[in-house]
Each structure stands twice: as structure tokens, then as C-alpha cells.
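Going by the numbering used here, the sequence shown opens with residue 4, and the numbers climb by one from there.
Virtual Cβ for every residue (Gly too), placed ideally from N, Cα, C.
Everything numeric in this text was worked out from a predicted model, so none of it was measured.
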Amino acid sequence: MLDIPNMDVALVLPPEPDERWELATQVGVETAVYHSLEIGDGGCPSNYDDLLHLTNRYRDRGIEPAVFEGSVPITDETRLGLDGRDEEIDEFCRFLRNIGELGVEVVCYDWMAGLRWARTSTTTPARGGSLTTAYDNEQMRRGPTPPAARNTAEADLWESLEYFLERVVPVAEEAGVKLGLHPDDPPREKVRGMPRIITSVEAYDRVLEIVDSPANGITFCQGNFAAMGVDIPETIRHFGDRIQFVHFRDVDGDADGFVETWHDEGPTDMQVAIDAYREVGFDGPIRPDHVPTMAGEDNSIPGYHITGKLFAVGYMKGLLE
Ligand SMILES: O=C(O)C(=O)C[C@H](O)[C@H](O)CO
Numbered sequence: 004m005l006d007i008p009n010m011d012v013a014l015v016l017p018p019e020p021d022e023r024w025e026l027a028t029q030v031g032v033e034t035a036v037y038h039s040l041e042i043g044d045g046g047c048p049s050n051y052d053d054l055l056h057l058t059n060r061y062r063d064r065g066i067e068p069a070v071f072e073g074s075v076p077i078t079d080e081t082r083l084g085l086d087g088r089d090e091e092i093d094e095f096c097r098f099l100r101n102i103g104e105l106g107v108e109v110v111c112y113d114w115m116a117g118l119r120w121a122r123t124s125t126t127t128p129a130r131g132g133s134l135t136t137a138y139d140n141e142q143m144r145r146g147p148t149p150p151a152a153r154n155t156a157e158a159d160l161w162e163s164l165e166y167f168l169e170r171v172v173p174v175a176e177e178a179g180v181k182l183g184l185h186p187d188d189p190p191r192e193k194v195r196g197m198p199r200i201i202t203s204v205e206a207y208d209r210v211l212e213i214v215d216s217p218a219n220g221i222t223f224c225q226g227n228f229a230a231m232g233v234d235i236p237e238t239i240r241h242f243g244d245r246i247q248f249v250h251f252r253d254v255d256g257d258a259d260g261f262v263e264t265w266h267d268e269g270p271t272d273m274q275v276a277i278d279a280y281r282e283v284g285f286d287g288p289i290r291p292d293h294v295p296t297m298a299g300e301d302n303s304i305p306g307y308h309i310t311g312k313l314f315a316v317g318y319m320k321g322l323l324e
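Given below as C-alpha cells:
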């Protein structure tokens, strides 16, 4: 093995052991991302004992649970600033203290209210008949407007995000946990009439200034930055040490319409991106994000089947070496 100061290649692994845990360790991945919204039942414990058992389950098999993503205890009640957010924020702070106690490094969360990451196709043909996901805003915009869109303005989302950050960042700092805000996917000002705010480099600059702390940072989801049309290595250098976690993937297109590509086939120079992460000293968790669904897989979790992930891990390890 070459001795390179490397980032930590990670995979979303289910909360209970199955073949994917073995496949991960066989390809040399020993870092897990807990993301039960994609693989699991969608839930996330916040009490110490449940988190203790969950983290020990991974560690007993030699896997380090470094990131809790997506299914963390906040809902649209907090994102939309509704009654009840204070209780939810209190619970989120308890969760942060507990995972801090258990040595989990990063929490990846997002500010997408009303609609999660959105695609218009999960069966777009890709190399060799594999299936990938795609977004076409013309098709998307004809669908139903989320009810929350009627009384939510951009300013409301900023207010609720500020309210959240002012309360949680000091707790994260104390607990030794890094918060990485994921971009809105796709990074558009609105999706089906629902405003979105985390859609640009300038928006992130504002987020980082709200509470200027190393605990308040970014999940650099590269495919979303590519869809924003920004220069990837320059943006990595711009954010530098505020990048807490990387989603490594690429898209062909922009926020009006794109197709997710295989890691070795997209327009972004992935080697230059890896070099930029290294240049800014990033040594945290980096996971392949969405991958095409391959032969023999049922496409029930588009973007999250294992075979394409293993290919991506090999590709990333190659770039890292
Ligand atoms: O949209 C994507 O690319 C995602 O990976 C979604 C994230 O997992 C999610 O928004 C994190 O909270």
C-alpha cells in the first residue's frame, strides 16, 4: 500500500449486517455511513443506548460508523420553522451529544423542505443497459405543488436555518461533531413551486457566516455543485477546511436537466477533484454517491445498489493512489 495521507472512502451500509458489510470490507472499506432513509427503515435513534448498540454493531465487525446522514432527527417542522421546532431541536442536540460521546465524526443533514432529492426518471439507460437517474424540470414542474409551498418564502427557510444553526452549532462544537449541510438536489431556486435555498456557492458562504465555527460546514455533494455549473476544483479550494464530508459523483447537464453518470464517464475531471480535496487537506469521509443499477439488481433503491458502489470504490481508490 502506498502511504498517502488519504481521505477515508466510505459506503452507506445498512444498520443490520448483511452481505454488503462483507463486500465493503473485502474491497477495503472500513467506514460506514448510516443513512436509513436510503438503506433501512428511515428511522434514526437519538437516545444513547440505541446509538451505543448501533455503533457497536458496526465496530464489532471492524467498521467505523463515521457519518450519520439524512435520517437524522429533524423534520420539516424545523425546516419550516413550525410550532414544535424547539422540542425537535432539543432532541437533535441530545442526538449530537450522544453521537459525540460515541465518537461519530459527522452529521450530514439538508434543508430541503416539502420534497427530498428529486428525479424524474430512475430508469434512464446507461452503459451496457445499466439504469441511472435523471432530472428534467419540464416534466417535474407539471406535478403537484407541495402544500407547504403555499406559505413558504425563501426568507422563511433562511430564518429557520439561522434559528437552527444558532442553537445546534455550539452543541456540535462541544460534542466534537461536525455538521455538513448537503446541497438542495437539484440545486434550483424552486422545485414545483417549493423554494429552495442551498443552491449556490453564495448560499453556502452565507451559511458558514451565520455561525462561523469549524463545526458548521459542508457536505460537498460534487454532483450538485456540477449541476450548479461551478468550477469544481476552484469551489473545493474556496470552501477548504469547511468541507466535512464528500459525496463523490458526477452529472451530465445542469439544474434544468441532467443525467447522473458513471464515475468514469462524466464531464468532471475526477482526478483533478481528488487532487483539490487533497490540496485543501481534506482527510474526512468520502463516499461514492448515486451509482447506476447493474444487472441482477431490482432497482428498488435507485442509486444505492451495491455493485455500482463497488466499482466506484475501486475507481476512487485508483484516483487516490
Ligand atoms: O441528493 C443527494 O445527492 C443525496 O445524497 C441526498 C442526501 O443523502 C440527503 O439530502 C442528506 O440529508
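Between the CA atoms of residue j and residue i - distance to the nearest angstrom
i	j	result
alanine 27	valine 12	10 Å
arginine 97	serine 49	7 Å
glutamate 141	aspartate 259	8 Å
tryptophan 265	aspartate 86	43 Å
glutamate 268	methionine 297	15 Å
alanine 229	threonine 271	8 Å
arginine 144	arginine 122	11 Å
glutamine 247	glycine 196	31 Å
asparagine 59	isoleucine 289	22 Å
valine 275	lysine 320	14 Å
leucine 168	valine 75	15 Å
serine 133	alanine 178	43 Å
cysteine 47	glutamate 94	12 Å
isoleucine 201	tyrosine 112	12 Å
valine 15	leucine 54	17 Å
aspartate 21	glycine 31	16 Å
Residue i - DSSP class collapsed to helix/strand/coil
i	result
histidine 185	strand
valine 30	coil
glutamine 285	First, the amino acid is wrong: residue 285 is phenylalanine here, not glutamine. Coil, per DSSP.
methionine 197	strand
isoleucine 246	strand
proline 192	The sequence shown places glutamate at residue 192, not proline. If DSSP states are grouped into helix, strand and coil, glutamate 192 belongs with coil.
leucine 16	coil
arginine 64	coil
glycine 317	helix
threonine 296	strand
aspartate 11	strand
threonine 81	helix
aspartate 89	helix
Near ligand 3: residue i beta-carbon under 7 Å from a heavy atom
i	result
glycine 269	Absence of ligand 3 from the depicted structure is noted, with ligand 1 being the only ligands included.
Residues bridged to residue i (per DSSP)
i	result
glycine 306	Val294
valine 70	Val36 and Val109
Three or more C-beta pairs below 8 Å linking the stretch 281-293 and the stretch 246-254
yes
At 3 residues or longer, what runs of the beta strand (DSSP E) sit wholly inside the stretch 104-184?
109-113, 124-128 and 134-139
Extract the residue ranges of the alpha helix (DSSP H) inside the stretch 219-284, only unbroken runs of 4 or more that lie entirely within it.
225-231, 235-242 and 273-282
Residue ranges of each alpha helix (DSSP H) within the stretch 35-62, 4 or longer
51-62
The stretch 120-134 contacting the stretch 94-110, beta-carbon criterion three pairs below 8 Å:
no
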